[in-house]
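One point on numbering: in this note's numbering, the residue at position 404 of the sequence shown is 404, and numbering is uninterrupted.
Here a beta-carbon is modelled for each residue, glycine too, at the ideal position from N, C-alpha and C.
Only a predicted model underlies this, so the values are computations on that prediction, with no experimental measurement involved.
Inspection log for the structure reproduced underneath, given as structure tokens.
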Amino acid sequence: MDKFMENPWFVRIISMLLAILLFVTANDYFGGKDTGTMPNDMENANTDTITNVPVEVYYDSENLVVTGIPKTVDVKIEGQRRFVEATKRQRDFTVYVDLSDVQIGQHRVQILYKDISDKLKVNIEPAYADISVQEKVTKEFGVEAEFNRSILAEGFEAERPDVEPKTVKITGAKDVIEKISYVKATIDASGLINDTIRQYAKVTVLDRELNKLDVWVEPESVLVTIPVTNPRKNVPIKINTTGTPPDDINIKTISTVTPEVMIFGRTEVLQNVDELEVTVDVSGIREDTEIEVPIKYPLGVNKITPDKIKVKILAEKKLEERTLKDVKIESKGLSSDLNMELVSPANGTVSLKVTGEKDTLEKAIKGDFHVILNMDGLKAGEHEVDLVVDGLNDVQWELTEKKVKIRLTEKENV
């Protein structure tokens, strides 16, 4: 046995076997080709899918536009567990489409990958893409601002919007640019709007059927200003009355120091409002009174300034009329050397029409009134003299005859 082990050929054979075993072991550990025959390898086999892997596209981006390539794909990998797990964890591979030599037009291209171990079986879903390669075009378009007018608070209006900048540059495939019908900046506002809107809005590009187009916009957002106003105008106040004052009370006047107010609302509403009416209840009013009356809002009017007005009511007791007949004319101021003859009225009496409160008139008698003929300074001859009435202060009077005709003669010496 010792002689056999000392044989150089024995040593060589043993060394070669150890070298082969070491090589196989090292090759398997560091990624050697999987033969698929070892029981341990079968036990370590694994399949997994890496989702949402971005797709890179290599093409002339300065002059061409490519559409139809998916933004991401799913990559299915199959092989030994350690390779599968390392690839999924590191994600240091690339999925791409190479269009370096593709011409303008429609094409079906394969989605490729690189930097994945050749020990793995790889499937990409989708494996192909139907693409369109078009000439890149840049064109300038005006931007139209829009927003939902239903969010305006009641009575408010939006004026013409202002957009800054007023135009944007849109880049895309030539056939897509030709489909552009609308370039809009839509204001997204919440709640009811009662003041000017000023905010940035993203630009949206649409075709005739309002489908969104896949293009590049520069700038992507614009500053939109929409003036929001609350139109107004002045209207007069009309005062109406309701109710009936007491029987003995007369309402002389009803007035206000606020003859007109300012109303706010949309223009079409204001055009139909010419005046505002307030109603005053005069029931129970017995004297001069000042009250505050609210103004009722017409439909569509959102504000009134002021929304209450002060109304002044002047009241008095009702006056009655009474005629006192045959009131004797009293004379005074006759010179002692003259005689007076009453020519007209011959009977020396007049009628007196008095006006006043009922209670006062009921107590009035002829003796409360004196109809006076004042002859101070008059000389002999015929004269027309104004009568003067002296009577109660709380009544008014009117004579049926305001002048009398008299004849003055000198007395004869006895």
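Roughly how many angstroms lie between the CA atoms of residue i and residue j, to the nearest whole one?
{"i": "S344", "j": "L352", "result": "16 Å"}
{"i": "R91", "j": "V57", "result": "18 Å"}
{"i": "L378", "j": "K310", "result": "58 Å"}
{"i": "V133", "j": "E154", "result": "52 Å"}
{"i": "D115", "j": "A127", "result": "17 Å"}
{"i": "E341", "j": "K358", "result": "38 Å"}
{"i": "D307", "j": "T241", "result": "19 Å"}
{"i": "L152", "j": "V257", "result": "35 Å"}
{"i": "T94", "j": "T225", "result": "46 Å"}
{"i": "D288", "j": "R232", "result": "35 Å"}
{"i": "V137", "j": "T67", "result": "14 Å"}
{"i": "S190", "j": "T167", "result": "26 Å"}
{"i": "K312", "j": "S331", "result": "47 Å"}
{"i": "K301", "j": "L276", "result": "It is Val, not Lys, that sits at residue 301 in the sequence shown. Rounded to whole angstroms, V301 to L276 spans 11 Å at the Cα level."}
{"i": "T49", "j": "K71", "result": "17 Å"}
{"i": "D394", "j": "T279", "result": "33 Å"}
{"i": "V354", "j": "T253", "result": "24 Å"}
{"i": "E401", "j": "Q271", "result": "59 Å"}
{"i": "D194", "j": "V228", "result": "It is worth fixing the name first, because residue 194 is Asn in this sequence and not Asp. Roughly 7 Å separates the two Cα atoms."}
{"i": "K328", "j": "E321", "result": "20 Å"}
{"i": "F369", "j": "T360", "result": "13 Å"}
{"i": "G381", "j": "D390", "result": "27 Å"}
May I ask you to report which of helix, strand or coil DSSP gives residue i?
{"i": "E290", "result": "strand"}
{"i": "D281", "result": "strand"}
{"i": "P126", "result": "coil"}
{"i": "D394", "result": "coil"}
{"i": "V215", "result": "coil"}
{"i": "D376", "result": "coil"}
{"i": "D368", "result": "helix"}
{"i": "T49", "result": "strand"}
{"i": "V55", "result": "strand"}
{"i": "T87", "result": "helix"}
{"i": "S331", "result": "strand"}
{"i": "T175", "result": "The identity of residue 175 in the sequence shown is Asp, whereas the question assumes Thr. Note: D175 maps to helix in three-state DSSP."}
{"i": "L210", "result": "coil"}
{"i": "S132", "result": "strand"}
{"i": "V269", "result": "helix"}
{"i": "I13", "result": "helix"}
{"i": "I180", "result": "coil"}
{"i": "L420", "result": "Only positions 1 to 414 of the chain appear in the structure, and residue 420 is not among them; the question remains open."}
{"i": "I151", "result": "helix"}
{"i": "L276", "result": "strand"}
{"i": "L387", "result": "strand"}
{"i": "D41", "result": "Because D41 sits at a pLDDT of 49, beneath the cut-off of 50, its placement in the model cannot be relied upon, and the point is left open."}
Considering only the alpha carbon of each residue, which of the options lies closest to residue i?
{"i": "T244", "options": "R286, D60 and S132", "result": "R286"}
{"i": "L399", "options": "L378, L373 and M340", "result": "L373"}
{"i": "T45", "options": "R82, P70 and N52", "result": "Note that residue 45 is Ala in the sequence shown, not Thr. Taking only the C-alpha atoms, the option nearest A45 is R82."}
{"i": "K303", "options": "N230, W216, E157 and K88", "result": "N230"}
{"i": "T267", "options": "E157, K114 and P219", "result": "E157"}
{"i": "S255", "options": "L314, E144 and R89", "result": "L314"}
{"i": "V293", "options": "V122, V301, D281 and P70", "result": "D281"}
{"i": "S181", "options": "A201, Q199, G105 and E140", "result": "E140"}
{"i": "Y200", "options": "V235, K169, E146 and V95", "result": "E146"}
{"i": "V371", "options": "I77, E78 and D326", "result": "D326"}
{"i": "K405", "options": "K317, W397, V55 and D386", "result": "D386"}
{"i": "D130", "options": "I69, F369 and V122", "result": "I69"}
{"i": "G284", "options": "V273, D248, V222 and L319", "result": "D248"}
{"i": "V273", "options": "D214, N234, D337 and T51", "result": "N234"}
{"i": "T47", "options": "L338, I77, V228 and L223", "result": "I77"}
{"i": "K202", "options": "S150, E144 and V53", "result": "E144"}
{"i": "T409", "options": "D98, D394, D74 and S335", "result": "S335"}
{"i": "V109", "options": "K119, L120, Y96 and T51", "result": "Y96"}
{"i": "V75", "options": "R89, S61, N52 and Y59", "result": "N52"}
{"i": "E85", "options": "D98, K179, K119 and Q106", "result": "K119"}
{"i": "T186", "options": "E135, P161, W397 and M375", "result": "P161"}
Name the DSSP bridge partner or partners of residue i?
{"i": "R407", "result": "E341 and E382"}
{"i": "Y113", "result": "V95"}
{"i": "P236", "result": "E260"}
{"i": "S255", "result": "K312"}
{"i": "P245", "result": "In DSSP, P245 forms no bridge with anything."}
{"i": "Y200", "result": "L223"}
{"i": "L352", "result": "L324 and L399"}
{"i": "T360", "result": "Partner(s): none; T360 has no beta bridge."}
{"i": "D496", "result": "Nothing about residue 496 can be read from this structure; the chain reaches only from 1 to 414."}
{"i": "V66", "result": "V133"}
Is it the case that the CB of residue i approaches a heavy atom of the ligand ADP more closely than 7 Å?
{"i": "T51", "result": "The ligand content of the structure shown is nil, which means the ligand ADP is not present either."}
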